[in-house]
Amino acid sequence: MFIRIEPSSSSPIYRQIMDQIRRQVAAGMLKPGDKVPSVRQLAGQLAVNQNTILKVYNELCREHVLEVDRGNGTIVAQGNSTLSMSDRKKTVAALLREAAVQAIHMGIPPEQTHALLEREYQAILAEKKRSPHHE
Amino acid sequence: MSETAISITDLHFAYGRHKILDGVNLDVPQGSVFGFLGRNGAGKTTAIQLLLGLLAPQSGRCSVGGHDPQTDAVAVRRAVGYVAEDQRMYDWMRVEQILKWTSSFYPTWDHAYAQQLLRQFDLPPKGKIKTLSKGQNTRLALLLALAHRPRIVILDDPTLGLDPIARKEFLRSVITLLQAQGTTVFFSSHLLYEIEPVADWVAILDRGRIVKAAPTDELRDTIRRFVLRPKASMDLSKIPGVLDVARQDGQWNVTVETAGAETRAALSAAAGDDVEELGLNLDEIFEAYVIGNRGREVAPC
Amino acid sequence: MLKALLWKEWQEQRWRVALATVWLLGMTAIGLKTRILPDIGVVMIIWNPATIILPVLLGMGLFATERKERTLSYLIVHPVSRSQILAAKVMAGLVAYVAPFLVCGLMVCLAVGGRELSTADLAGGFVIMGAMGIVLFAWQLLAGLRCRRGETYILVSVIVLGCWGVHAAVVEEWRLTENVGYWTWALNPFAIGNLNYAKPSEVWTVITLQSLILAGLGFGLWSRFRRLREGRS
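From first to last, the protein sequence lines are chains A, B and C. Read in the numbering used here, the first sequence has 105 at position 105, and its numbers run on one by one without any break. Read in the numbering used here, the second sequence has 62 at position 62, and its numbers run on one by one without any break. Read in the numbering used here, the third sequence has 135 at position 135, and its numbers run on one by one without any break.
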């Protein structure tokens with residue numbers, strides 16, 4: 001699992017890691033059932049505090065991106081999330097709101113913002129299609 | 001066993017008439033990785049020397065691992081692994097010689113562990129210390145500090161002079177060897193971007209005092225910068241928790257310590273709704289504390 | 001721990017000791033063999049300077065070089081009391097000083113004892129010179145403890161010697177021993193060197209005073225070393 005941390009970013013480190021894991025799962029680079037490194041392993045690999053990694057994993061488990069497989073460590077969540085659709089929508093809505101705020105600040109009109117969202121969505125899906133051959 | 005590994009209470013230290021520490025208070029939780037930040041010359045090394053009993057304070061108390069360095073310095077040093085800034089050891093000794101020599105000072109020395117670290121750090125046992133590279137020298141110093149399995153490790157700017165790869169490796173060792181074992185790590189540095197990924201807690205020493213001590217994520221969450229265009233003039237030093245204000249072309253960057261309701265209200269009063277909120281990285285947070293003007297003179301950006 | 005400290009000091013000083021032994025032995029052998037001077041002359045000329053120079057070199061190695069190499073701060077960071085560190089240094093210094101004397105003195109006594117001087121007289125001479133050197137050593141260590149460089153330590157040592165030299169000259173010139181008493185001379189370390197020409201009562205005065213002085217110097221050294229600020233300022 002390849003994760004890159006930018007130390008001088010204004011985004012906190014835990015958020016950077018979370019975003020990258022979510023992205024890799026969404027793009028299919030991490031498939032459901034894949035084992036992710038243990039907290040200690042990832043902390044050592046990235047030279048990041050173990051508690052930060054723990055926080056990341058806990059959050060991602062809450063979001064059902066990852067789950068704990070008893071006896072096997074932490075794995076990418078498999079299929080049916082136990083979060084209700086409305087909860088899942090709430091999570092995504094929060095992220096979209098932030099994006100909307102940025103778009104407004106930058107003076108991008110709503111139709112173009114919609115087009116952007118569509119384009120990014122398609123790009124991720126395309127990556128996902130490519131990924132079964134990606135090892 | 002107390003919950004704080006290291007505690008400092010109202011410590012004062014002056015070198016002649018030059019006051020270096022002016023009432024320092026600090027508590028380092030056991031098992032944490034604690035980043036001790038400050039500019040060069042702020043007094044970080046002095047504070048550490050006081051903790052080890054190498055200096056005597058004018059007033060105040062310290063407790064390290066339950067021992068008072070002023071009354072029982074030897075006990076403190078036995079319980080603590082210490083890596084000094086730019087550690088110079090006996091050039092003429094071989095690596096295996098200095099291992100054996102150092103082991104005689106520590107009853108808790110673990111020979112097997114020392115050998116394991118020797119292999120892991122890739123150090124030549126028969127090599128003379130004067131032939132070691134800077135990176136190897138630092139790794140050796142770390143080995144000597146860890147081999148007696150201390151509960152507390154104090155690192156004084158240990159990555160000084162190391163290349164970026166060696167620095168990363170050093171921090172990796174800190175995480176995998178120390179944090180993994182529940183050892184308390186007290187780590188002083190002025191390389192902030194380096195401390196942030198590894199530290200649980202951060203304390204900033206400036207002008208002889210601790211100006212901020214908080215968990216690392218709390219820093220990011222509570223210290224925020226607001227960008228606004230004020231509609232009316234106001235006394236910026238009155239904004240609750242203001243650390244720094246910079247002005248450029250009528251736009252103000254107001255950095256505050258706690259972005260609570262009161263602060264937001266004050267800012268809205270000044271600029272209405274046109275207020276943008278930003279997060280800061282640790283460099284910017286540090287600057288705000290150490291060279292921030294507290295709103296008193298509004299300097300251009 | 002003391003063993004480890006002693007080992008370290010010994011590792012650092014042993015080359016000086018070897019050099020001193022070889023030099024003393026060599027020079028004395030040449031002098032005694034060629035017989036340019038009477039035996040006593042050879043011993044005086046070669047050994048008196050050694051009494052003065054060897055402590056300076058040793059003292060330099062024990063403290064000043066450690067401070068210069070910044071290894072003293074490394075040493076005192078270890079969980080060992082300063083008293084033990086000092087004790088190891090003083091012990092190592094004494095051994096390093098006495099060893100060449102002992103070895104060479106023994107050789108000389110065996111070689112030429114009874115030739116011009118009796119073995120007892122020769123041995124006595126070595127003991128006296130050795131003792132004088134030890135007291136001078138103590139003075140130099142106390143004065144030069146805070147020196148950060150070898151050269152400074154040498155300078156301080158020379159000044160110490162100079163002061164006692166001046167004292168000796170003053171006592172001589174103003175005949176202080178007759179006016180005030182023998183003890184004004186007995187304070188001087190060089191007084192030890194003249195013990196074989198002194199009266200028994202004077203010998204005891206010198207021995208008592210110098211022992212007291214040595215104890216005082218030792219105490220001064222200990223308290224100064226304990227308060228030494230080491231590390232960066």
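Heads up, the beta-carbon is just placed ideally off N, CA and C, and yes, glycines get one too.
task: Please decide whether G292/B counts as near chain A, where near means a Cβ-Cβ distance under 8 Å.
output: no
TODO: Take every Cβ of the region 187-206 of chain C, pair it with every Cβ of the region 19-33 of chain B, and state whether three or more of those distances are shorter than 8 Å.
DONE: no
Which partner residues of G31/B appear in the DSSP bridge assignment? G31/B pairs with nothing; no bridge assigned.
Do the region 85-96 of chain C and the region 93-105 of chain B make contact, defined as three or more Cβ pairs closer than 8 Å? no
By the DSSP assignment, the alpha helix (DSSP H) with S86/A in it spans what residues?
85-105
Could you please give the first and the last residue of the uninterrupted alpha helix (DSSP H) stretch that includes F219/C?
200-226
- Query: So with Cβ pairs under 8 Å, would you call I76/C a contact of chain B?
  - Reply: yes
Among H12/B, A14/B, G31/B, R39/B, which residue has its Cα nearest to the Cα of D304/B? Here chain B comprises residues numbered 1 to 301, so residue 304/B is not present and cannot be evaluated.
- Message: Given this structure, state the Cα-to-Cα distance separating R17/B from I52/C, to the nearest angstrom.
- Response: 41 Å
message = I'd like the span of the alpha helix (DSSP H) that includes I192/C, first residue to last.
response = 190-193
Could you please give the first and the last residue of the uninterrupted beta strand (DSSP E) stretch that includes E67/A?
66-69
For H148/B, the residue or residues it bridges with in DSSP: DSSP lists no partner for H148/B.
Would you say R78/B lies against chain C (beta-carbon separation less than 8 Å)? yes
Note down, in chain order, every chain A residue with its Cβ under 8 Å from the Cβ of E276/B.
H105
Sequence-distant residues of the same chain with beta carbon closer than 6 Å to F219/C, five excluded per side: none
Option nearest T71/B by Cα separation, candidates L54/B, K238/B, D273/B, V242/B: L54/B
Q.
Per DSSP, what are the beta-bridge partners of C62/B in this structure?
A. I8/B
Report task. Would you check if the distance between the CB atom of M18/A and the CB atom of V76/A is smaller than 8 Å? Result -> no
Could you give the DSSP three-state label for L205/B: helix, strand or coil?
-> strand
Could you tell me which uninterrupted alpha helix (DSSP H) segments, each at least 4 residues in length, are contained entirely in the region 192-250 of chain B, listed from first to last along the chain?
-> 192-198, 216-222
Can you grab the Cα-Cα spacing for the pair K68/C / E151/C, in whole Å? 11 Å
Open item on the list: At 3 residues or longer, what runs of the beta strand (DSSP E) sit wholly inside the region 34-115 of chain B?
Closed with: 59-64, 80-83
Using 8 Å as the limit for Cβ to Cβ distance, is R149/B near chain C?
-> no
For the alpha helix (DSSP H) containing L161/C, list its first residue and its last residue.
-> 150-173
Would you say E69/C reaches chain B, if we count a Cβ-Cβ gap shorter than 8 Å as a contact? yes
Task: Inter-stretch contact at 8 Å, needing at least 3 Cβ pairs: the region 221-232 of chain B / the region 58-70 of chain B - done: no
| field | Cβ-based burial, I152/B [other Cβ within 10 Å; buried from 16] | value | buried
Worksheet item: Using a C-beta to C-beta distance shorter than 8 Å, which residues of chain A count as neighbours of R296/B?
Response: In chain order: nothing, as chain A lies at least about 25 Å away.
Excluding the 5 residues flanking R78/B on each side, which residues of the same chain have their C-beta closer than 7 Å to its C-beta? Y106
- Kindly say whether R139/B, judged by its beta-carbon, lies nearer than 8 Å to any beta-carbon of chain C. no
When the Cα atoms are used, what is the spatial distance from H67/B to V80/B?
11 Å
Looking at C-alpha atoms only, which residue of S8/A, Q20/A, P32/A, S10/A is the closest neighbour of T74/A? P32/A
Rounded to a whole number of angstroms, what is the C-alpha to C-alpha distance between L42/A and V48/A?
8 Å
Requested in this report: Would you grab the beta carbon distance between S189/B and D157/B for me? Rounded to a whole angstrom, and I think it's under 8 Å.
Outcome: 5 Å
Within 9 Å of chain C by C-beta, residues of the region 79-101 of chain B in sequence order: A79, V80, Y82, A84, E85, D86, Q87, R88, M89, Y90, D91, W92, M93, Q97, K100, W101
key: Which of helix, strand or coil DSSP assigns to T183/B   = coil
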